[in-house]
Structure formats: C-alpha cells, structure tokens
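Structure representation (structure tokens):
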C-alpha cells in the first residue's frame, strides 16, 4: 500500500463518538507529522460554529483557519443535490481537500453522521466522498445496548458495504461497547476473522455526563459565585430542592446539580455547608431559578465560604422549566473539558493498537520534532514500563490535578504524601478522582522510624543525631527521598511549593551522585516549533569550572540520548573557535578538550557562539568544516547567569515550551519544579522522571 496522507472517518448516526475517535487519531498523527489538518466536508449549519472543528483548532493549536476546515453545510448540500448539482458539490470538496493536502502533511477528515441528511438521499455521502478523495475509510459503529453477536454482524455488514463501494477500508472502530462484552466480541472476531482491523472501545458514563459549563451554556445562565474555571465539574444528576430542609438533606447525592428558587436561602446555605463538610456528598453546583439574586448580606456570607469554589448560577426561568432544560443537555467534549479529554485519551490509548495504525499508514520517518510529538513520545515511553513516582506536595491543587491526569492516562503509578483524609477531602472539593493513587502519611507511617534510622546511619559521620534524623523524616521531601533511595518509589518530583534547595539537599544527602566526583546539574528541554533542543545547565550551578563544565556537558549529552535526541554538543562562549581570549573563553576551551578526551564518541564543538551553533548559514562562515556548527542539539552554557537568561529569552521570544529543570548526575531520579509551574509542567516532569527511572533499572 502506498503511503497514506489522509484518513476519513464517519458514523451512520449521531452520538456514536466521532469526536472521541478523532481525538485519538489526531494524537497519533500529531506525534508523527509536523502539520496536520482537520477537515469536515460538510457541517450542520454555516451560521453556527462547528463543535468538532472548534475543539480541534483550540486543543491542538492547528494552523488552519476555521474556513479552511469545512466546505458546505447540510442545507447547501441538499439544495445542490436536489438541483442535480451533485458533480459540482463533489468537485468543490475535492478542490478544497487537495489544497489542504498540498499545505499539510496529513489530513484527518471527519464526516457528518449519515442520518443527519435527508432520507431522500439514496447513497452514503461519506463513502461517496471518501471514494472521490481516494481516502481510506474508517467507519464508527455504535454498540450501545447491543449484544456481541449483533455487533459482530454489523461489523461484517459494514465491511461488505465499504468493499462494494470500492473504498479502501482502513479499520473499524466500535464505540460504546458494554465493558463486559469486550471479551466476548474479541472472541467472536478471533474465531471468525474479519478482513480489517477492529478496535473496541468501552462505554464510559462520565464521557456522556454533561459538565457545568455545558449546562450553563444551554441555560444561558449567569455566574453568581465562582469563575468559568470552576465549571469543569461533571453533573451526575440534577435535583430540584423543594422540600423542607430536614427532608431534603438526606437526599443530596454526590455530583448533583441542585436546582432551587433563589429565595430559599435555607436550602442554599445548607448546600454550601454540606459541600464543605467532610462526611457529606459533594454537589457539583447550584442553579438559582426565578431571576432572583440573594440579598447583599447573604451574598457576602456565601462569598466568604469559598475556599474552593462551589459554582452558583442563576437563570430567569422557573424551577421546573429549568430542570427540563438541564435534563435535555447532551454532553460533549469541549476544549476546556480537561478531565474528559484526559479520560477519553486514556480509554483510546488503552484499547487501540496505535502501532498497528501507524504501520498501516506506512508513514515516512520525519526529522521534525514538534512539542506535541515530544510530549506524546514521553507519555508513550513512560507507559511502556510504568514507574512509581512520589509527589510529596499533596497540599498543592496543581499537584492533585496533575496526579489525576497522570493516572487517567496511565503514565505512572502515583504516590502522594500527606494525610489521607485531607487529600481525599481536597480531591472531593476539586471533583477529581485519585482513587488509583497510593497515599502515605509520613507522620503516621510505620516506615518513619526505619527511615530515620537509615538516615542517621548515612549522616552520623557528618554529625547528624538520631533525633535530628527523626525530625527530618517528618518533612515530606526527606521522607520521599528516602522512599526513592530504598526502592519504595522509582523517582520523586517536588518544588511546586518548596525551593530548589529543599528538593536537591535531601537527594544529595541520601541518594548521592552516580560517581564520587560527579556534580548534580540540570537541563531544560526547549521545545521549539519543529525541534527540541537541550540546554544545560540553566538552573543549578552558578559558575562551574572547566572540569565541572565538562561533566555537565557529558551528562547533558547522555540525557539527550536517553530521550532520542542525537547529541551534537555546542560548548557556548562569546567567541567562536580560536579567535577569542580571556578567562571565560579559556574555561570553555579547556572544558571542551576535557570532554573530547573523556568522550571521543561524541560530536563536540567549542568554544562556539550561539548563532554559529544553531544557524547553518552563520556556521558556514564561522566554522564551515564543523560537524556540530549549525546543527547543534545540546547547548552548554558557561555559567548560570548566561544559561538562565538565555532559556527564558528563548522561551518568551520564540514561544517555546521549556520542560525542566531536569536534574542529572544523581544515582536515582529526583526532579525539581518551578514554584510557578503549571499542571502541564508537572505532568511532563513526572513523565521524564519515569523515563529516567526506566534507564536506571
């Protein structure tokens, strides 16, 4: 089969999960191709923004504009077909598609469900378009409430239809399969093989459950208390609060949306109190009906309650009309549905053989590496041999949110340190699921005394007393580091609320460096638009001497290689080659010689200026015979001042993603976070730590 540069997926009916499948496929394509386009030949209405196109553009930062992403709406298609303009309709779509094919490396095409077109249409419009676009076709079947035999028969029927349409059948996705039926349907397929690959995805209630944001949009509600960021909570059920307080309270359910007239302050206050009470169910939010707002005194009281936001909205409709509208809201995966996106990707990754899809596409290997490709690769590698990563800063909301996504995407086994009840209560307030995490409280753990004794033995020669060792083990960073040292965890990530010193000091005292004279240093992975560079050391060593600088370079090259970046090492200075003089450039020159002697297998250049290291045109002038100049991948800065300022300048000016600092030189992986880190920073750092741990075992 020739190289495939596009795929066309479509379903017969709505609510089959086309966007869910598109997300999984787009993740695969974005990990292999620099430029991927998303195309819907036909959308529902031109006057209304298409949800799937909007999601793809926002979540994946696609370079195409909205108008490039579709050609017609349903009404226009039916008018053209009824006017015997079918050929013109197809011709225009082909022209549109060919332009995308020219401008992009891969085009993912998603059709509208067949049932959304007029019943008078006597052909499957998606198969017709796939045939004319010469694009492999992926049908999506809805298995909800269907028995395994019925699912199998539908797969076979669809295969026959596609074959008769002279369309290349790429594979079949069967969505919403009852989890208990997956084994049976797999057995049927193995016993009576189909002609194409099949992937079976289990039904998941949470993906079908609307979020507060979706309900707010459907009701055209106004926020009374809370912000848009608090509307990710899913609504498991809705409940009208019309009873007296004593009868109502026992009926509160976890994840419920409470619909209540705005003048029932007794119910409203009871819900707020219940939300913060540890033993009560956590509601998702409150909708106040009747176009009323609590008076100023009550509003001040409610606002003072909010440590973690409990969203409260208001609508103009009455209670029962509002309840009917809420029940009619259909769930969608939206760009801001962080938890649903993580869950959807986790389900897809667990049930789909992505390598089989890639092999079928027969893509040509690319030298380009985008940030999304890099982070995708991180997750894939971390998942191959899951590691236990301990996070000692469980009191930080970002850590808990990152932990949930890591668990959902099956990247690592997560250990949280802290009081179990407090962590679970905090998670409940944030409406996140940490049930798969291991939670250990250093203060009450039976391991505390053994760890203190171990620490005492390690440091007694340095003057540490047993009492001092016992005091240290109450500190979560020391406890976590001892877990890594003794093999109870494979790596540690900290720094969201602790200083770099608080993270590195225990590691130096307990884990120690991999060699006696080795120094601990760091790198940043700088993810530019089409490549990933390694910068070292921009975070730890203030002014390393020549020997230390050579060690940093060797460790950075090793780190690059560990993450599939071919190391071409540039030892940076203000001078290139032999032209410069002075202590600073002499230090780099000496470090370069030490590095070449110790590691003759590496490609190394130095001293070299940054422009000569990265720009091929400059390199031709300054170092025309160099194997590194103009194509360096590992950049070693002479001191912390230069490195830290440079990485920040590149990060802000080039809109690069900086992942790190990643520590190197320790016997086991411990990594430091910035106190201004985002949830994504934490997720990426945990994945990197897991991969480092894989390399040690």
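In my numbering, the protein residues as written are -17 to 679. Cβ atoms here follow ideal geometry from the backbone N, Cα and C, with glycine treated the same way. Bear in mind the structure is a predicted one, so any value in this text is a computation, not a measurement.
Candidates the options, of which the one nearest residue i by Cα
i: residue 680; options: 138, 292, 533, 174; result: Limits of the chain in this structure are -17 at one end and 679 at the other, which puts residue 680 out of reach.
i: residue 112; options: 98, 148, 32; result: 148
i: residue -5; options: 60, 107, 70; result: 107
i: residue 7; options: -11, 24, 174, 166; result: -11
i: residue 253; options: 271, 275, 276, 223; result: 223
i: residue 273; options: 207, 203, 337, 215; result: 203
i: residue 515; options: 331, 353, 482; result: 353
i: residue 682; options: 60, 257, 642; result: This structure does not reach residue 682, given that the chain is present from -17 up to 679, and the question cannot be answered.
i: residue 677; options: 648, 664, 657; result: 648
i: residue 235; options: 374, 219, 241; result: 219
i: residue 11; options: 427, 351, 450, 523; result: 351
i: residue 251; options: 238, 194, 263, 283; result: 283
i: residue 511; options: 549, 412, 637, 243; result: 637
i: residue 434; options: 660, 455, 423; result: 455
i: residue 615; options: 508, 71, 471, 427; result: 508
i: residue 262; options: 238, 209, 573; result: 238
Identified DSSP bridge partners for residue i
i: residue 90; result: -11, 20
i: residue 241; result: 222, 269
i: residue 151; result: 119
i: residue 646; result: 503
i: residue 370; result: 395
i: residue 473; result: 371
i: residue 296; result: 204, 270
i: residue 550; result: 585
i: residue 157; result: 124
i: residue 422; result: 399
Boundaries (first-last residue) of the beta strand (DSSP E) holding residue i
i: residue 192; result: Premise fails: residue 192 is in no beta strand (DSSP E) and is neither H nor E.
i: residue 436; result: Taken as a continuous stretch (DSSP letters only), residue 436 belongs to no beta strand (DSSP E), being part of the alpha helix (DSSP H) at 430 to 441.
i: residue 514; result: 514 to 518
i: residue 681; result: Only positions -17 to 679 of the chain appear in the structure, and residue 681 is not among them; the question remains open.
Residue range of the unbroken alpha helix (DSSP H) whose run includes residue i
i: residue 681; result: Look at the range of the chain in this structure, -17 to 679, and you will see that residue 681 is not part of it.
i: residue 634; result: 622 to 635
i: residue 680; result: As shown, the chain starts at -17 and ends at 679. That puts residue 680 outside it, with no answer to give.
i: residue 529; result: 528 to 544
i: residue 321; result: 320 to 333
i: residue 341; result: 336 to 343
i: residue 303; result: 301 to 310
i: residue 482; result: 482 to 488
i: residue 54; result: First-last for residue 54: 52 to 55, but that is the beta strand (DSSP E), not the alpha helix (DSSP H).
Through-space distance from residue j to residue i, alpha-carbon basis
i: residue 432; j: residue 544; result: 34 Å
i: residue 221; j: residue 265; result: 10 Å
i: residue 346; j: residue 312; result: Per-residue confidence for residue 346 stands at a pLDDT of 46, beneath the threshold of 50, marking its modelled position as unreliable; no derived number is given.
i: residue 650; j: residue 673; result: 11 Å
i: residue 231; j: residue 409; result: 22 Å
i: residue 155; j: residue 191; result: 22 Å
i: residue 54; j: residue 25; result: 6 Å
i: residue 22; j: residue 356; result: 27 Å
i: residue 670; j: residue 360; result: 7 Å
i: residue 328; j: residue 158; result: 15 Å
i: residue 535; j: residue 577; result: 7 Å
i: residue 63; j: residue 136; result: 29 Å
i: residue 116; j: residue 175; result: 26 Å
i: residue 592; j: residue 69; result: 56 Å
i: residue 430; j: residue 464; result: 10 Å
i: residue 373; j: residue 150; result: 48 Å
i: residue 38; j: residue 257; result: 35 Å
i: residue 259; j: residue 124; result: 41 Å
i: residue 122; j: residue 164; result: 16 Å
i: residue 566; j: residue 477; result: 32 Å
i: residue 96; j: residue 217; result: 30 Å
i: residue -8; j: residue 120; result: 7 Å
Beta carbon proximity, residue i to chain D, threshold 8 Å
i: residue 83; result: Among the protein chains of the structure shown there is no chain D, as only one such chain exists.
Any non-hydrogen atom of the ligand FMN within 7 Å of residue i CB
i: residue 503; result: This structure lacks the ligand FMN, and indeed carries no ligand of any kind.
Q) Are at least three pairs of beta-carbons, each pair with one atom in the segment 375 to 395 and one in the segment 310 to 329, less than 8 Å apart? A) yes
Q.
With three or more beta-carbon pairs closer than 8 Å as the criterion, would you say the segment 77 to 97 touches the segment 130 to 138?
A. no
Q: Count the C-beta pairs between the segment 587 to 606 and the segment 481 to 497 that are closer than 8 Å, then say yes if the count reaches three, no if not.
A: no
Q.
When you compare the segment 326 to 341 with the segment 302 to 309, are there three or more beta-carbon pairs, one atom per stretch, that lie closer than 8 Å?
A. no
Q | Validate contact between the segment 394 to 404 and the segment 456 to 474 using beta carbons, cut 8 Å, 3 pairs | A | yes
Q: Take every Cβ of the segment 527 to 542, pair it with every Cβ of the segment 605 to 622, and state whether three or more of those distances are shorter than 8 Å.
A: yes
Q | Segment contact, 8 Å Cβ cut-off, at least three pairs: the segment 358 to 377 with the segment 657 to 669 | A | yes
Q. Are three or more beta carbon pairs between the segment 574 to 590 and the segment 539 to 558 nearer than 8 Å?
A. yes
Q) Is the segment 13 to 21 touching the segment 39 to 59 in the sense that three or more CB pairs, one from each, lie closer than 8 Å? A) yes
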